[in-house]
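Engineer: Have a look at this one before I ask anything.
Number of protein chains: 2
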Amino acid sequence: MNKAERLEKLKNIMYAKSIAVIGASIKKGTVGNELIKRLIEFGYKGKIYPVNIKYDEIEGIPAYASVLDIKQNVDLAVIAVPSKVVLDVIKECHSANISGIVLISSGFKELNSEGLAMEKEISDFIKKNNMMLIGPNCLGILNTCPNLRLNACFAPVNPIAGKIGLATQSGALASGIINILPQIKLGLRQMISIGNQADVNILDIIEFWENDDNIEQILLYIESIPDNQKFREICERVNRIKPIIVIKSGRTETGTRAAASHTGALAGDDVLVEAMLSGAGVIREKYLRDMFETAQVFSHCVLPKNENLAILTNAGGPGVLATDTAGDFNIKMAELSEGTKSKLRKVLPPQAGVNNPLDVIASATREQYTNAAEILLDADEVGVLLVIYLYITTQNDVEIIQDLENLKKKYPDKPIISVFMTTADFPERLKKVVKDCTIPIFNFEIEAVHGLKKLLDRKHFLTEANMETPKFEVDKNLVKNILNDCKEKKVKQISTLPSLKIFDAYGIPLAKYAPANTFEEASKIAEKIGYPVVLKISSDTITHKTDVGGVVTNIKDEKELKTEWDALLNRMKEINQIEGLECVIVMKQIIGSGREFVAGIASREDSHLAMFGLGGVFLEVLKEVEFSSCPLSAYNAKKLVTQTKALKMMGNVRGYKSVSLSKMQEVLLRLSQMVSDFEEIKEIDVNPIMATKDGEMFAVDARIILK
Amino acid sequence: MNKAERLEKLKNIMYAKSIAVIGASIKKGTVGNELIKRLIEFGYKGKIYPVNIKYDEIEGIPAYASVLDIKQNVDLAVIAVPSKVVLDVIKECHSANISGIVLISSGFKELNSEGLAMEKEISDFIKKNNMMLIGPNCLGILNTCPNLRLNACFAPVNPIAGKIGLATQSGALASGIINILPQIKLGLRQMISIGNQADVNILDIIEFWENDDNIEQILLYIESIPDNQKFREICERVNRIKPIIVIKSGRTETGTRAAASHTGALAGDDVLVEAMLSGAGVIREKYLRDMFETAQVFSHCVLPKNENLAILTNAGGPGVLATDTAGDFNIKMAELSEGTKSKLRKVLPPQAGVNNPLDVIASATREQYTNAAEILLDADEVGVLLVIYLYITTQNDVEIIQDLENLKKKYPDKPIISVFMTTADFPERLKKVVKDCTIPIFNFEIEAVHGLKKLLDRKHFLTEANMETPKFEVDKNLVKNILNDCKEKKVKQISTLPSLKIFDAYGIPLAKYAPANTFEEASKIAEKIGYPVVLKISSDTITHKTDVGGVVTNIKDEKELKTEWDALLNRMKEINQIEGLECVIVMKQIIGSGREFVAGIASREDSHLAMFGLGGVFLEVLKEVEFSSCPLSAYNAKKLVTQTKALKMMGNVRGYKSVSLSKMQEVLLRLSQMVSDFEEIKEIDVNPIMATKDGEMFAVDARIILK
């Protein structure tokens, strides 16, 4: 099956017009019974065929002994029978011309090796016969589309409809989420519990939703990623069209172990996961709650043109708290213009200050509230409005939401988010008056501000992200020759001189250097590049130069050079390393400014990651290092350079000149190009890159490891 | 009034047996009406006297024209009349022998200077006449004590009873909180809206609750602190007896400005606030929601003896998520023993793995759940139990809580916390079966784990905190003489030599040094302490030595010393600084390991703060520096040294030897002792403290600023 055919088949499942439930049951509390009940209760507009040899009728619907007995066309078979008979049942489906399967049953890969073998047999059969299967070990699927209302999962609660596609790798969690979502008024469009992903996997689903206009945002709970490279590509593409919000668990060491024992799948290296997700601009949340807050805001808010936040409140304290919270997330508060202030003064009582946060005070009437909201929304300096309402004496919570809904229509470009601390019956009362509320309403300031932050992040990503990977002129042949040479010599770590040559070939800025074989040569080089100089050995047989005294720094004149040259060669003789000694490199000593950086390429699983951060002694200790997937886009190179505290260190520290950010980005892009050109390179360390007081930067050492 | 009298008077207000509401009204929606209604609705057990000249009866209770007409004893007058007549009303109260006042009215300090003047007059009158006043500009007070049921605030919702004392500086926020708390099942014992704190302030309230056994934890929302020193002392003392959880807003720059415009009070320097709170072990939360999560856990959980967490779940995904979350907070997962595992195997189906998180899988019965919970609680290796329940097919959420309540009685030393993702009607159903639920129930893993983290933090604080301030033998007289000398000379920044002498006198480890006046002296010193050496000037007239070339490092031999000595003196001559030159210090050049630290004393408002972190070039950029209030306790010195990434830098970096943590703590304690002994010292910088490869540490420069 090609991709288009797969997507079409998945569509037939998710929009099935007729469903056979195999293993349907009349016994309350069983999955087979719940599945039928849910289909009925949620008002499925298609045809339901319960299948169970034991019953004539289930929940009032005629039952069939086998799918082969159903004479009409069946789009989808939902199977909930013991694992041992699943394959036979699927074979029957095939005979009955049913190609779409949702396999609820568990007892496969997640249980033991026998289960794994059964799962393999099933997926082989599915592939061979051009069928498609979701599961096994899953909760089922959901599609709230009003003319379909397909609820083929056994979560006990019916969802409310929205525009979200939710896919989860934990079926039970899907159930918990479906229980919770109506309580926080978050609507789903589709839910797919992917289970063990024997056939359909998370990648299929993202691509399916990419092409389904009913889905406006994609929420994923995943524990493992089936194909890193493909996952990254798909996320990069789809996330530009509709936001993807991900929880990828197994972030911590104990969490990784827990995930492995849960699904039997390896959680994967979180550094790689993080690099892929952030590189694709995907929003990664740590906690379920955070994911839903973000989804709530994304469900109802446009991306603002201007990001400046105005806070309207009838209580000072929460206004201050929300302002603090905005500060935590680096969200800028709008500076109200004199014009705006004078308009506000006209509609507000004199006790209300006209600042931002705008405190209309506890006695504010509905009119004052709404007038103030409109003035703020109308102001050019305001891009986003956060409305805080506390029920204090007069309860007009519902009315204020009504007014905000109207204002939203009038000012469609400006997101409105709200925090309401009112009575418990507010949602009920609101529902009676505002049927489809489109203002996100939270209980606490942090929820609203966190969601808003993610909205602004997405705006930045979409407007700023240059996802192109620039190409630089480099001397590829030179590198090819060196690498061929290494292959012949079976070298794993390239020695210093050829490493430096490779850097030169790819335009990595290096301190001046040249190789010497005799003192006389060394002296000439030192004279040419200028003292002080450094001596460092280049040898195939020595991995750690410094450990054997193979590096001598701060040589001030010819006399010192002579002494150190002789001493160095003597040390090499003593440890019998003269043989392997290629040459001694004479390098210009860089007088640094204490500002040292590290750039490089790391390797995780099947992927190259570009790396940047604080170098030198601080590398291991401070771990101010970030990673991004290769090939690196211009946007991600920029992000990498500006993400850590290294950014501040590149600035004007102690009066030293700033280091060029774009030059540093270029180093990273050039390294990324190198590993794109030469897959056999596993890791590169450019550590340290020293910045001088003048803001110039020079790599002074190179480490290149081959696969 | 002394403290005991004040506390007694506050008690008379908070436990008032008779209340006059002055400004009571029959008009719905007015504060004067709400106050009466709330008192009645909440079932106040005392006597209510509405006072308003206009009415004979308010809400069915006979009204009085003036408090003077009330013949019975009145403990408390709650006043809600226009600000202009407040003073007269208070005078009447005084005549009527009512000494306790809760002043609801606003229009005072928070409004304008006229209001401020009125407030001043009122507080003067109160003080002069031995009265006590809460407010003005406040919501009122609450005491849910079952034989009192005093609700003298105008929040629209009645609270549920608990053991929490809540004080807030924002009256409107108090109302919002009271609306919300019943929805999250958090009970209050008392609430005091402190308003403008014209008389009773936050310090009185903390001390009052310190002595009220009905209060088990104290929640504060504050925007300003009336007396830093006293606040710190009280927090240190009271927090050891009952937990104090604080939101202090104005954390960020914009938040500080917002707070100032809200209450008219300065938010204060957040560095100082943070140092005071963390030094006292007070739990500071950033967000309201977090505060309530913590309060929820503290309301129902003992401090565990053993901190290892076991997670019991019927769904794999949430188990993994909770494990990740525990990892985020450095909470250790219990390693289940073989004994525990075999017990679990006996009660669980074979599909359930017996790991931690323990996934009893979706089909788990109530019995399996409860048996597993008991086995975990019974295991020595488990100290805390987190129970996650998702309603999947069989709904036994209420029953499981019932069982957990019983297990809690059986294992009273082990906290049980829970996450239930079930149907919206769960709280209603639960209430019918479990009247007073004592298991904290959250919707999301992060809420439970965050609350648990704070419980563990408190346990650490109470068990580890040595709040004593050790005393070291020092040469106080020497310092006294130097400071007297400086006073005479009117010096603000002590020059280098006397600064180094002060360090010596207080036992701060310094690189070897001695002062020289001639080259010959310098040469002798250098010979004695050994090359390489550093030269640095000591001068009263030069503040920044390095800026004028007053420091020369890395002098390797006598020849270099001569050259540099002459050059240094020439430079001083050129800028006419020979006159002010006290001497030139010859100091041993410390060959560092790149590990540089800063220790010192900073000064904020009226307080000294000890400071520690990464020094050198990284100080400004990385801001890995923390602060703690002086006088520093042994506990806080330890915390200071271990709080930042400087801790890792003190460890075995690049094979260099570790730096002694206790010696570093001693440096901080000695500095703290110095500013206790000499109040006139404003700031001290010991920057950098250099650590050698051998793990020894030496201060190489000193900066002492006087007030």
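Chains A and B, in that order, give the protein sequences.
For the first sequence, this note's numbering begins at 76 and goes up steadily by one.
For the second sequence, this note's numbering begins at 76 and goes up steadily by one.
Where is the CB? At the ideal position from N, CA and C, for every residue including glycine.
Keep in mind the model is a prediction, meaning the values are calculated, not measured.
For P545 of chain A, which option in A:F283, A:I277 and A:L746 has the closest C-alpha, if you only look at C-alpha atoms?
Structural biologist: For the purposes of this step, residue 545 of chain A is identified with residue 470 of the first sequence, where counting begins at 1. The shortest C-alpha separation from P545 of chain A is found at A:L746.
Engineer: Along the chain, where does the alpha helix (DSSP H) containing Q292 of chain A start, and where does it finish?
Structural biologist: Taking the first sequence and counting its residues from 1, one reaches residue 292 of chain A at position 217. Element bounds for Q292 of chain A: not the alpha helix (DSSP H) but the beta strand (DSSP E), Q292 to I297.
Engineer: For I179 of chain A, count the other beta carbons within 10 Å of its own beta carbon; 16 or more makes it buried, fewer makes it exposed. Which is it?
Structural biologist: Your numbering for residue 179 of chain A matches position 104 in the first sequence. That one is buried.
Engineer: Just checking, does the stretch 557 to 564 of chain A make contact with the stretch 438 to 455 of chain A on the three C-beta pairs under 8 Å criterion?
Structural biologist: Contact fails: fewer than three Cβ-Cβ distances are below 8 Å.
Engineer: Does DSSP put S747 of chain B in a helix, a strand or coil?
Structural biologist: For this step, residue 747 of chain B is matched to residue 672 along the second sequence. DSSP places S747 of chain B in helix when its eight states are reduced to three.
Engineer: The stretch 387 to 414 of chain A: which residues have C-beta closer than 8 Å to a C-beta of chain B, in chain order?
Structural biologist: Taking 8 Å as the Cβ-Cβ cut-off against chain B, the residues of the stretch 387 to 414 of chain A that qualify are N389, A390, G391, G392, P393, G394, V395, L396, T398, D399, T400, A401, G402, D403 and M408.
Engineer: Short of 8 Å Cβ to Cβ, which residues in the stretch 509 to 529 of chain B face chain A?
Structural biologist: Listed by position along the chain: N518, F519, E520, I521 and E522.
Engineer: Can you tell me whether DSSP reads T638 of chain B as helix, strand or coil?
Structural biologist: To locate residue 638 of chain B, count along the second sequence from 1; it is residue 563. It is helical.
Engineer: Would you tell me roughly how many angstroms separate the C-alpha atoms of E328 of chain B and A334 of chain B, rounded to the nearest one?
Structural biologist: Taking the second sequence and counting its residues from 1, one reaches residue 328 of chain B at position 253. Taking the second sequence and counting its residues from 1, one reaches residue 334 of chain B at position 259. E328 of chain B and A334 of chain B: Cα-Cα distance of roughly 10 Å.
Engineer: I need the DSSP call for P573 of chain B, collapsed to helix, strand or coil.
Structural biologist: Here residue 573 of chain B refers to the residue found at position 498 of the second sequence. In the structure shown, P573 of chain B sits in a helix (DSSP, three-state: H, G or I).
Engineer: Quick check on the DSSP output: the alpha helix (DSSP H) that includes R420 of chain B runs from which residue to which?
Structural biologist: The residue you call residue 420 of chain B lines up with position 345 of the second sequence. Note, R420 of chain B: alpha helix (DSSP H), E413 to V422.
Engineer: Is the distance from the Cβ of N87 of chain A to the Cβ of G175 of chain A below 7 Å?
Structural biologist: Counted from its first residue, the first sequence places residue 87 of chain A at position 12. Counted from its first residue, the first sequence places residue 175 of chain A at position 100. In this structure, G175 of chain A lies closer than 7 Å to N87 of chain A by Cβ.
Engineer: Under the assumption that L575 of chain B contacts L585 of chain B (Cβ atoms under 8 Å), give the Cβ distance between them as a whole number of angstroms.
Structural biologist: Within the second sequence, the letter at position 500 stands for residue 575 of chain B. Within the second sequence, the letter at position 510 stands for residue 585 of chain B. Going by Cβ atoms, the distance from L575 of chain B to L585 of chain B rounds to 6 Å, so yes, they are a contact pair.
Engineer: May I have the straight-line CA-CA distance separating K732 of chain B from G669 of chain B, to the nearest angstrom?
Structural biologist: What you label residue 732 of chain B is simply residue 657 of the second sequence in a count that begins at 1. What you label residue 669 of chain B is simply residue 594 of the second sequence in a count that begins at 1. Looking at the two C-alpha atoms, the distance is approximately 12 Å.
Engineer: Touching or not, the stretch 283 to 292 of chain B and the stretch 246 to 260 of chain B, by the rule of three or more beta carbon pairs under 8 Å?
Structural biologist: No, they do not touch.
Engineer: Hey, quick one: how far does the beta strand (DSSP E) through V357 of chain A stretch, first residue to last?
Structural biologist: Translated into the one-based positions of the first sequence, residue 357 of chain A becomes position 282. Careful: V357 of chain A lies outside any beta strand (DSSP E) and carries neither H nor E.
Engineer: Closest to E185 of chain B by CA distance: which of A:Y90, A:Q426, A:C228 and A:G182 is it?
Structural biologist: Indexing the second sequence from 1 puts residue 185 of chain B at position 110. Here the closest residue by C-alpha is A:Q426.
Engineer: Can you give me the C-alpha to C-alpha distance between L271 of chain B and E80 of chain B, rounded to a whole angstrom?
Structural biologist: Numbered from its first residue, the second sequence carries residue 271 of chain B at position 196. Numbered from its first residue, the second sequence carries residue 80 of chain B at position 5. Inspection of the sequence shows that residue 271 of chain B is occupied by Asn rather than by Leu. For N271 of chain B and E80 of chain B, the distance between alpha carbons rounds to 22 Å.
Engineer: DSSP three-state call for H535 of chain A: helix, strand or coil?
Structural biologist: Start at 1 with the first residue of the first sequence, and residue 535 of chain A comes out as number 460. Helix.
Engineer: Using beta-carbon positions only, say whether T400 of chain B and V494 of chain B come within less than 7 Å of one another.
Structural biologist: By one-based count along the second sequence, residue 400 of chain B stands at place 325. By one-based count along the second sequence, residue 494 of chain B stands at place 419. Taking 7 Å as the Cβ cut-off, T400 of chain B and V494 of chain B do not qualify as a contacting pair.
Engineer: Along the chain, where does the alpha helix (DSSP H) containing R307 of chain B start, and where does it finish?
Structural biologist: The sequence position of residue 307 of chain B within the second sequence is 232, counting from 1. Here the alpha helix (DSSP H) through R307 of chain B covers N303 to I316.
Engineer: If contact means a Cβ-Cβ distance below 9 Å, which residues of the stretch 689 to 702 of chain A contact chain B?
Structural biologist: Answer set for the stretch 689 to 702 of chain A: L689, G691, V692, F693, E695, V696, L697, K698 and E699.
Engineer: According to DSSP, is G669 of chain B helix, strand or coil?
Structural biologist: Taking the second sequence and counting its residues from 1, one reaches residue 669 of chain B at position 594. Residue state, collapsed to three classes: strand.
Engineer: Mind checking whether Q568 of chain B and I780 of chain B have CB atoms under 7 Å apart?
Structural biologist: In the second sequence, the residue the question calls residue 568 of chain B occupies position 493. In the second sequence, the residue the question calls residue 780 of chain B occupies position 705. Going by C-beta atoms, Q568 of chain B is nearer than 7 Å to I780 of chain B.
Engineer: Give me the DSSP bridge partner(s) of M408 of chain B.
Structural biologist: Position 333 of the second sequence, counting from 1, holds the residue named residue 408 of chain B. The partner list for M408 of chain B (beta bridge, DSSP) reads B:L384.
Engineer: Along chain A, in chain order, which residues have C-beta atoms closer than 7 Å to that of N430 of chain B?
Structural biologist: Here residue 430 of chain B refers to the residue found at position 355 when the second sequence is read from its first residue. Correct list: S336.
Engineer: Got a sec, what are the start and stop residues for the alpha helix (DSSP H) V473 of chain B sits in?
Structural biologist: Taking the second sequence and counting its residues from 1, one reaches residue 473 of chain B at position 398. Run containing V473 of chain B: D472 to K485, per the alpha helix (DSSP H) assignment.
Engineer: For G624 of chain B, tell me which candidate among B:P607, B:N212 and B:I650 has the shortest Cα-Cα distance.
Structural biologist: Sequence index remark: in the second sequence, residue 624 of chain B carries index 549 (1-based). With distances taken between Cα atoms, G624 of chain B lies closest to B:I650.
Engineer: Determine which residues of the stretch 355 to 389 of chain B have a Cβ less than 9 Å from any Cβ of chain A, and write them out in chain order.
Structural biologist: For the stretch 355 to 389 of chain B, which is checked against every Cβ of chain A, the residues closer than 9 Å are K361, Y362, L363, R364, D365, F367, I386, T388 and N389.
Engineer: What residues of chain B sit near P424 of chain A, judged by a beta carbon separation below 7 Å?
Structural biologist: By 1-based counting over the first sequence, the position of residue 424 of chain A is 349. Residues of chain B passing the Cβ test: none, with the nearest at roughly 11 Å.
Engineer: When burial is assigned at 16 or more other CB atoms within 10 Å of the CB, is Q147 of chain B buried or exposed?
Structural biologist: The residue given as residue 147 of chain B occupies position 72 in the second sequence. Classification for Q147 of chain B: exposed.
Engineer: What residues in its chain sit with their C-beta under 6 Å from that of G406 of chain A, if we drop five residues either side in the sequence?
Structural biologist: Position 331 of the first sequence, counted from the start, is the residue given in the question as residue 406 of chain A. Note that residue 406 of chain A is Ile in the sequence shown, not Gly. Excluding residues within five positions, the ones whose Cβ falls inside 6 Å are L384.
Engineer: Under the three-state reduction of DSSP, which class applies to Y124 of chain B: helix, strand or coil?
Structural biologist: For the purposes of this step, residue 124 of chain B is taken as the residue at position 49 of the second sequence. Strand at Y124 of chain B.
Engineer: Is there a C-beta anywhere in chain B that falls below 7 Å from the one on V126 of chain A?
Structural biologist: The count along the first sequence starts at 1 and reaches residue 126 of chain A at position 51. No, its Cβ sits nowhere closer than 7 Å to a Cβ of chain B.
Engineer: Quick one: grab the DSSP three-state call for V459 of chain B.
Structural biologist: Taking the first residue of the second sequence as 1, we reach residue 459 of chain B at position 384. In the structure shown, V459 of chain B sits in a strand (DSSP, three-state: E or B).
Engineer: For a quick check, are the C-beta atoms of L715 of chain A and S704 of chain A less than 7 Å apart?
Structural biologist: By one-based count along the first sequence, residue 715 of chain A stands at place 640. By one-based count along the first sequence, residue 704 of chain A stands at place 629. The answer is no: Cβ separation not under 7 Å.
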